[in-house]
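Q: Residue numbers (my numbering): 6 to 733.
The structure under discussion is supplied below as C-alpha cells; questions concerning it will follow.
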Amino acid sequence: MTLRLSVPPLELWGGIECTVNRVGDLYFDQLMRNGHATRIGDLDLFAGLGLRTLRYPVLWERTSPGPPEQANWSWADVRLAHLQRLDIRPIIGLVHHGSGPHYTSLIDPAFAEGLARYAAAFAARYPYLDRYTPVNEPLTTARFSGLYGHWYPHGRDDLTWVRALLIQCRAVVLSMQAIRAINPDAQLVQTEDLGKVFSTPRLAYQAEFENERRWLSLDLLCGRVNRAHALYGYLRWVGIDEAELNWFLEHPCPPDLIGINYYLTSERFLDERRERYPAHTHGGNGQDTYADIEAVRVRAAGLAGVGSLIEEAWERFGLPLAVTEAHLGCTREEQLRWLMEVWEAARAQRDRGADVRAVTVWSLLGAYDWNSLLTRTEGHYESGVFDLRGPEPRPTALARMVRDLAAGQEPGHPVLGSLGWWQRPKRLLYSPVSPEPEALLPRLRRCARPLLITGATGTLGSAFARLCEGRGLPHHLLTRTQMDIADPQAVETVLRELQPWAVINAAGYVRVDDAEHQVQVCHRENANGPALLAAACARHNVALLTFSSDLVFDGSGVTPYVESATVAPLNVYGRSKAEAEERVLQALPSALIVRTSAFFGPWDEYNFVTVALRTMAAGQTLVAAGDMVVSPTYIPDLIHASLDLLIDGEAGLWHLANLGATTWADFAQLTANLAGIDSRIDVRSTQSLGLSATRPRYSALGSERATLLPSLENALGRYLSERRGVPV
6 MTLRLSVPPL ELWGGIECTV NRVGDLYFDQ LMRNGHATRI GDLDLFAGLG LRTLRYPVLW
66 ERTSPGPPEQ ANWSWADVRL AHLQRLDIRP IIGLVHHGSG PHYTSLIDPA FAEGLARYAA
126 AFAARYPYLD RYTPVNEPLT TARFSGLYGH WYPHGRDDLT WVRALLIQCR AVVLSMQAIR
186 AINPDAQLVQ TEDLGKVFST PRLAYQAEFE NERRWLSLDL LCGRVNRAHA LYGYLRWVGI
246 DEAELNWFLE HPCPPDLIGI NYYLTSERFL DERRERYPAH THGGNGQDTY ADIEAVRVRA
306 AGLAGVGSLI EEAWERFGLP LAVTEAHLGC TREEQLRWLM EVWEAARAQR DRGADVRAVT
366 VWSLLGAYDW NSLLTRTEGH YESGVFDLRG PEPRPTALAR MVRDLAAGQE PGHPVLGSLG
426 WWQRPKRLLY SPVSPEPEAL LPRLRRCARP LLITGATGTL GSAFARLCEG RGLPHHLLTR
486 TQMDIADPQA VETVLRELQP WAVINAAGYV RVDDAEHQVQ VCHRENANGP ALLAAACARH
546 NVALLTFSSD LVFDGSGVTP YVESATVAPL NVYGRSKAEA EERVLQALPS ALIVRTSAFF
606 GPWDEYNFVT VALRTMAAGQ TLVAAGDMVV SPTYIPDLIH ASLDLLIDGE AGLWHLANLG
666 ATTWADFAQL TANLAGIDSR IDVRSTQSLG LSATRPRYSA LGSERATLLP SLENALGRYL
726 SERRGVPV
C-alpha cells in the first residue's frame, strides 16, 4: 500500500508595490506615494487579513543613498521588529525595479559588488531573516531600462539590455553569497515576469526568441547558459565575452523558490500587419516591422493563463514555485475575479503535482502611475486590498476575500459568478487572429445573482445598465410598471422572484421646480419609495444603493459640504431627499446612500453640458447663473465609484462628485474652452432666472470619507472624447 504524504495547503502571501525607479534624474518612489514610508500601522492591517508572509522592501536606494557606511537603518529597525511581533515572515527585497543609488546604474560593473556590500550589511544587522529577493524581476527591469528606454539609463539596444541583465543577475549571486556567509540557511526567492509571446506564422521566429528570452535570468542563476543554450549565440553576438557567461556556470545560484509575476499584459501577440493596430504598438527587430499588442485584445484563443505558465516553469526547472504578484488595475469585481482565477490556477497545478507554495496578493496598498510604466507622475491610482484615497487605508472587497483565502475558506461574493473581462467578447479590440482549437473559455464558477436597477426610463438608471453590461455584472433594469418602489407588494414580489444580491435605486422624482407644486408626488417617489425599498431589502438580506442630492444643504457654507454637515434643505425636493436619507438608514443601516450633484454624461441630450455645447456651437447665447456654486459630476465616474463601493459593502452617506466647485457660468466657459468653440454666455443671477424652488447659493460637495472621483476638467475631457465617438 502506497501512502501519499499530506501536502500543506496553498498559502496566501502579501506584497506592497514598492518600486523606486529612475527616469533621468527623477526618482519615482512608490512607498512615498502610497504613504507606507511613514505609516507603520499598515502592518497591523496586513496582519488582520491573516497574512503570515509578506514581500517586504528594505531598498538599497532608500536605506543607503550615499556611502554604505552612512546607511540609515532606523526605518527598517522599527518595521522589521514590528513584523516579528506580528508573526509575519518577510521576504526581503533589496532592489525593486531600481538602478541603485545615484552614483551607480544597471550597466555599471560596480553595481553588483555595491549591492552585495549592502546585502552583507543588511544580513549582519538582521541575521534572523532568511528569505531574500535581492533584485526583483531583473529581466523585466533590464528590458525597460536597456531596451525600451523607459527607465534609467534609458538604453535602446541589445547590448545595453543584456549588460543590465547580466549585472543584475551577478548582483543576485554576489548578494546571496554575502548573505549566506552570515546566515547559511538564507533562501533566494527569485521573481520574474513570465509572460508568453504569440505571433503570426511569419513572425514565429521572433516569438520563439522572446519565449526563450523570458527564462534567461533564471537560466543564468541556475547555471544553464552554456554553449548549448538556445540564446548563447545571441549573447555572444551582442558583445558579451565568453568569460562573463562562464562566470555564471562557475557560480550557480539556483533559486530556492521561483516567483512568477503575471499580468494580463504579460502575454503578447506579434503581427506584421501593422495597419490593423495603433501607431504606438509599432516596432521591429531590424529584420521585420510589426505591431506588438496585448494577446488578450486580439488572440481568439485567449490567454495561455497563469496556470500554463506555472506548468512550464515547473517542467523547465523542477523548483518550488509561487505566484509572487497577482494584481489587476481594474474595477472591483474584476479584481476579485482575477485573484480568484490566479488562486484556482495555482491550486489546480498543485493538485497536478507541481510544487506550488503560495499566491501573493500584490499591491496591498494599490499602485500609482503604472499606466504610464512609471515614466510620468500623473496621479493615476489603482486601488488594491486597501484604498488610499481617504484619511486612512480603507479595506475593499478584496480584504474580505484575502481573509477568506488565508483562513482556508471559499470566497463567496456574488460578482465571482461571472467571467472576467479577459474572458468575455469585449476583450477583443481588434480583428481576432490565431483561432487555436484549445481556446475554450472557462465556464461560470457558480450561478451569478443579479443586480436590480430601478429607473429604466431615467438618465441614471439607463447609464447604470450600460456600465453594468460593460463590467459583466448581471442585472435587471426595471421600469416603474415592473416594480413600483412605493408599492410594498410589487417590491416583495420582484425581490422574491429575481433574488438579487443588491438593489440600485436610480428612480425618483427629479423635477426640482415642479416639486414645489407636487409635494405629495415628490415625497412618494423620493422618500416613501426608498424607505419601503430599504425595509424590503432588510427582510431579504439584500444590499441597497440609493441616491440623494446636494440640495439637502442650505448653502450657508463657504467650503465644500462633507457627509457629516448639517442638513437644512430649502425646497420640497431637498426635503424629500433628506427625509429619505433618515428613513432608509433607519430601516437598513447597511444601506449605501450617495449624495451627488449636477450630473452630466455622454449618453443623454438634456444635461447642462450637452445643452450648453449645442447652444454655443450653434452661435446662440447660453444663459447661466453666475452666483450658484455646484460640484458637477460625470455620470460614468459616479456609477463606477458607486458600484465599487457597493461591491465593497460600504454603508452610510458618501459624497461623490468630481473635484472642482464652479458656478454654472464658469462651468459653461470651461466646457467651451476644452471643446475649442467660441462661447456666448449671458451670466445672470439665480434670482433673475425665475425658478420656483429656492436653491442654495453654495452646494459644492467634498468628502471626509474619501475622494474617489478625478477632477472636473479631467471628466470633461473624457466626456468630449466620448461624444466624439472615442472610447472613454
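The beta-carbon is built from N, C-alpha and C at its ideal position, and this holds for glycine as well.
Measure from the alpha carbon of Asp135 to the alpha carbon of each residue in Ile172, Thr58, Phe604, Gly413, then state which is nearest.
A: By 1-based counting over the sequence shown, the position of residue 135 is 130. Answer by Cα proximity: Thr58.
Q: Can you round the beta-carbon distance between Pro111 and Ala169 to whole angstroms, since I take them to be within the 8 Å contact cut?
A: Residue numbering aside, residue 111 sits at position 106 when the sequence shown is read from its first letter. Residue numbering aside, residue 169 sits at position 164 when the sequence shown is read from its first letter. Residue identity check: residue 111 is Leu in the sequence provided, not Pro. With a Cβ gap of about 4 Å, Leu111 and Ala169 count as contacting.
Q: Closest by CA to Gly417, which one among Trp427, Gly425, Leu403, Trp426?
A: The residue given as residue 417 occupies position 412 in the sequence shown. Nearest Cα to Gly417 within the set Trp427, Gly425, Leu403, Trp426: Leu403.
Q: Rank Gly228, Leu538, Asp518, His234 by C-alpha distance to the C-alpha of Pro594 and give the top, closest one.
A: Here the question's residue 594 lines up with position 589 in the sequence shown. Out of Gly228, Leu538, Asp518, His234, Leu538 has the C-alpha closest to the C-alpha of Pro594.
Q: On the CB-based measure, 16 or more other CB atoms within 10 Å of its CB, does Gly624 come out buried or exposed?
A: Translated into positions along the sequence shown, residue 624 becomes position 619. Burial call: exposed.
Q: Going by beta carbon distance, what residues of the same chain come within less than 7 Å of Thr286, once the five residues before and after it are set aside?
A: The residue you call residue 286 lines up with position 281 of the sequence shown. Excluding its 5 nearest sequence neighbours in each direction, Thr286 has C-beta neighbours in its own chain below 7 Å: Ala296, Asp297, Ile298, listed in chain order.
Q: Could you say if the region 702-718 and the region 649-667 meet the contact criterion of at least three C-beta pairs nearer than 8 Å?
A: yes
Q: Look at the alpha carbon of Ala212 and the alpha carbon of Ala235, and state the distance between them as a whole number of angstroms.
A: As a position in the sequence shown, residue 212 is number 207, starting the count at 1. As a position in the sequence shown, residue 235 is number 230, starting the count at 1. A straight-line Cα-Cα distance of about 13 Å links Ala212 and Ala235.
Q: Along the chain, where does the beta strand (DSSP E) containing Asp276 start, and where does it finish?
A: Locating residue 276 in the sequence shown gives position 271, where the first residue counts as 1. Residues 272-276.
Q: From the DSSP output, which residues share a beta bridge with Ile458?
A: If you number the sequence shown from 1, residue 458 lands on position 453. Looking at the DSSP assignment, Ile458 forms a beta bridge with Leu482, Ile509.
Q: Mapping the DSSP letters down to three states, classify Arg700 as helix, strand or coil.
A: Residue numbering aside, residue 700 sits at position 695 when the sequence shown is read from its first letter. Coil at Arg700, not helix or strand.
Q: Can you tell me where the beta strand (DSSP E) with Ala331 in it begins and where it stops?
A: Numbered from 1 along the sequence shown, position 326 holds the residue referred to as residue 331. Ala331 -> beta strand (DSSP E) spans 326-331.
Q: Leaving out five residues on either side along the sequence, give the residues of the same chain with a beta carbon under 6 Å from the beta carbon of Gly460.
A: Sequence index remark: in the sequence shown, residue 460 carries index 455 (1-based). The residues are Gly466, Ala511, Ala512.
Q: Measure the alpha-carbon distance for Pro565 versus Glu709 and round it to whole angstroms.
A: On the sequence shown, position 560 is the one that residue 565 refers to. On the sequence shown, position 704 is the one that residue 709 refers to. Answer to the nearest angstrom: the Cα atoms are 10 Å apart.
Q: Pairing CB atoms from the region 630-644 with CB atoms from the region 570-590, are three or more of them under 8 Å?
A: no
Q: Residues in its own chain within less than 6 Å of Glu22 by CB, not counting five upstream and five downstream?
A: Your numbering for residue 22 matches position 17 in the sequence shown. The answer, listed in chain order, is Gln35, Ser368, Ala372.
Q: Helix, strand or coil: how does DSSP classify Asp642 here?
A: One-based indexing of the sequence shown puts residue 642 at position 637. Here Asp642 sits in helix by DSSP.
Q: Are there 16 or more other CB atoms within 10 angstroms of the CB of Ile458, so buried, or fewer, so exposed?
A: Position 453 of the sequence shown, counted from the first residue, corresponds to residue 458. So Ile458 ends up on the buried side.
Q: What separation, rounded to the nearest whole angstrom, lies between the Cα atoms of Val140 and Ser726?
A: Counting from one through the sequence shown, the residue named residue 140 turns up at place 135. Counting from one through the sequence shown, the residue named residue 726 turns up at place 721. Distance between the alpha carbons of Val140 and Ser726 is about 41 Å.
Q: Please list the segments of the beta strand (DSSP E) lying wholly inside the region 55-98, counting only runs of 3 or more residues, in order along the chain.
A: 58-62
Q: When the Cα of Glu217 is compared with those of Val202, Asn231, Gly228, which residue comes out closest?
A: Locating residue 217 in the sequence shown gives position 212, counting from the first residue. For the residues Val202, Asn231, Gly228, the minimum Cα distance to Glu217 belongs to Val202.
Q: What separation, rounded to the nearest whole angstrom, lies between the Cα atoms of Asp489 and Pro535?
A: Mapped onto the sequence shown, residue 489 falls at position 484. Mapped onto the sequence shown, residue 535 falls at position 530. If you take the alpha carbons of Asp489 and Pro535, they lie about 10 Å apart.
Q: In this structure, how does DSSP classify Tyr153 when only helix, strand and coil are distinguished?
A: What you label residue 153 is simply residue 148 of the sequence shown in a count that begins at 1. Coil, per DSSP.
Q: Which term fits Val524, buried or exposed, when burial requires 16 or more other beta carbons within 10 angstroms of its beta carbon?
A: In the sequence shown, the residue the question calls residue 524 occupies position 519. With fewer than 16 other Cβ atoms within 10 Å, it is exposed.
Q: Taking one C-beta from the region 355-364 and one from the region 305-322 each time, how about it: are there three or more such pairs within less than 8 Å?
A: yes
Q: For Arg207, collect the residues of the same chain with a Cβ closer than 8 Å to its Cβ; drop the 5 residues on either side in sequence, then sort them by chain order.
A: On the sequence shown, position 202 is the one that residue 207 refers to. Beyond the five residues adjoining it in sequence on each side, Arg207 comes within less than 8 Å, by CB distance, of Glu277, Asp293 in the same chain, given in chain order.
Q: From which residue to which residue does the alpha helix (DSSP H) around Asp224 run?
A: Residue 224 sits at position 219 when you count from the first residue of the sequence shown. Here the alpha helix (DSSP H) through Asp224 covers 221-226.
Q: Using three-state DSSP, classify Ile315 as helix, strand or coil.
A: The residue you call residue 315 lines up with position 310 of the sequence shown. Correct three-state label for Ile315: helix.
Q: Taking C-beta to C-beta, are Ala677 and Met621 nearer than 7 Å?
A: Residue numbering aside, residue 677 sits at position 672 when the sequence shown is read from its first letter. Residue numbering aside, residue 621 sits at position 616 when the sequence shown is read from its first letter. A Cβ-Cβ contact shorter than 7 Å links Ala677 with Met621.
Q: Write down every uninterrupted run of the alpha helix (DSSP H) in the region 116-150 whose length is 4 residues or greater and which is fully enclosed by it, in chain order.
A: If we require 4 residues or more, the alpha helix (DSSP H) runs fully inside the region 116-150 come out as 143-147.
Q: For a test of the three-state rule: what should DSSP assign to Asn533, helix, strand or coil?
A: As a first step, residue 533 must be located in the sequence shown, where it is residue number 528. Correct three-state label for Asn533: helix.
Q: Per DSSP, what kind of secondary structure is Phe558 in: helix, strand or coil?
A: Along the sequence shown, one-based indexing puts residue 558 at 553. In this structure, Phe558 counts as coil in the three-state DSSP scheme.
Q: Mapping the DSSP letters down to three states, classify Leu446 as helix, strand or coil.
A: Walking along the sequence shown from the start, residue 446 turns up at place 441. With a pLDDT of only 46 at Leu446, under 50, the local geometry of the prediction cannot be trusted, and no value is derived from it.
Q: Spatial neighbours of Leu341 within its chain, please: C-beta separation below 8 Å, excluding the five flanking residues on both sides.
A: Here the question's residue 341 lines up with position 336 in the sequence shown. Around Leu341: Ala402, Leu403, Met406, Pro416, His418, Val420, Leu421, Ile652.
Q: Helix, strand or coil: how does DSSP classify Pro400 here?
A: To locate residue 400, count along the sequence shown from 1; it is residue 395. The answer is strand: DSSP assigns Pro400 an E or B state.
Q: Just verifying my parser: in three-state terms, what is the DSSP assignment at Gly160?
A: For the purposes of this step, residue 160 is taken as the residue at position 155 of the sequence shown. Gly160 falls in the coil class under three-state DSSP.
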